[in-house]
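What follows is one structure encoded as structure tokens, with my remarks underneath.
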Amino acid sequence: MTGLRERWRLKAMHTIQERALDLFDAKGFGAVTIEEIAAAAEVSPSTVYRLFGTKEGIIVADEFDTLNAEEIEAIVDPRDPIGSLIRSVRADESAPERTPDSPDAAEGTPVNSGPWRRVRYHFTEPSVRMAACASADRTSQRLTPLIASTGRLTETQARVATNALVFGYFAALEQWYLDGGDRPIADYVEEGMRPLRAIWPSAEPENRA
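Heads up: the sequence shown at position 47 corresponds to 47 in UniProt numbering, and the numbers run straight through without jumps.
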């Protein structure tokens, strides 16, 4: 039952995010209300508030926020968190967009949903940027004990390095947006993270093309 409930929750979150983005794109972020988003997603306003808290939360929320410590350890290699990040970004960018004819497009599944559709709102809406920075801080707080667990860094060094990793990703994302999004985001992340390779040497050859 827990698995079914979790699948429903994730499906509801994705649907609400896509319907909210439809409205934001059409009317502007500031002109859209939670009540309008709830109506478009065919859920109650209380469901939107329960899942996201705020309108900004709809933009910045992702599945990482809901992972437990064991699940985080399964996707983040503390010896090479940069490599883990780049692999995750490349996987998201290469994921095919769903269409109504996709085999896994069940009823109510958002379609034409790219993983980076929300990005521009991080850098055009001040309140969303603040929420994104708060989310990045929470991510850093959760990752710091994992990074420190290798024993290669002191607690202070682990905290500083993890903040450099998390907020460095945000900075790379912003540069991608400012440049018009012509190249893959993962290329920006890989380029931006090179100074941090002194902390976490790569186990794989870097693509410097």
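Even glycine gets a Cβ: it sits at the ideal position worked out from N, Cα and C.
Contact between residue 93 and residue 186 holds, with the beta-carbon distance rounding to 6 angstroms and staying under 8 angstroms.
Under the DSSP assignment, residue 72 falls in the alpha helix (DSSP H) whose first and last residues are 69-75.
The beta carbon of residue 175 sits closer than 8 angstroms to those of 188, 192, all from its chain and outside the five residues before and after it, given in chain order. The beta carbon of residue 61 is closer than 6 angstroms to those of 52 in its chain, skipping five residues each way along the sequence.
For the pair residue 6 and residue 142, the Cα-to-Cα distance works out to about 21 angstroms.
Nearest C-alpha to residue 76 among 31, 131, 144, 4: 144.
Uninterrupted alpha helix (DSSP H) stretches at least 4 residues long and entirely within the UniProt domain "HTH tetR-type" (10-70) occur at 34-41, 45-52, 55-60, given in chain order. Rounded to the nearest whole angstrom, the C-alpha separation of residue 9 and residue 21 is 18 angstroms. If you draw a straight line from the Cα of residue 190 to the Cα of residue 146, it comes to about 21 angstroms.
Beta-carbon to beta-carbon, residue 132 and residue 122 are separated by about 5 angstroms, close enough to satisfy the 8 angstroms threshold. Under the three-state reduction of DSSP, residue 85 is assigned to helix. Leaving aside the five residues that flank residue 150 on each side, the residues in its chain whose CB is nearer than 8 angstroms to its CB run, in chain order, 78, 79. Around the Cβ of residue 81, a 10 Å sphere holds 16 or more other Cβ atoms; the residue is buried. The residues 23, in chain order, have a CB closer than 8 angstroms to that of residue 36 in the same chain once the five nearest residues on each side in sequence are set aside. DSSP places residue 125 in the coil class of the three-state scheme, outside both helix and strand.
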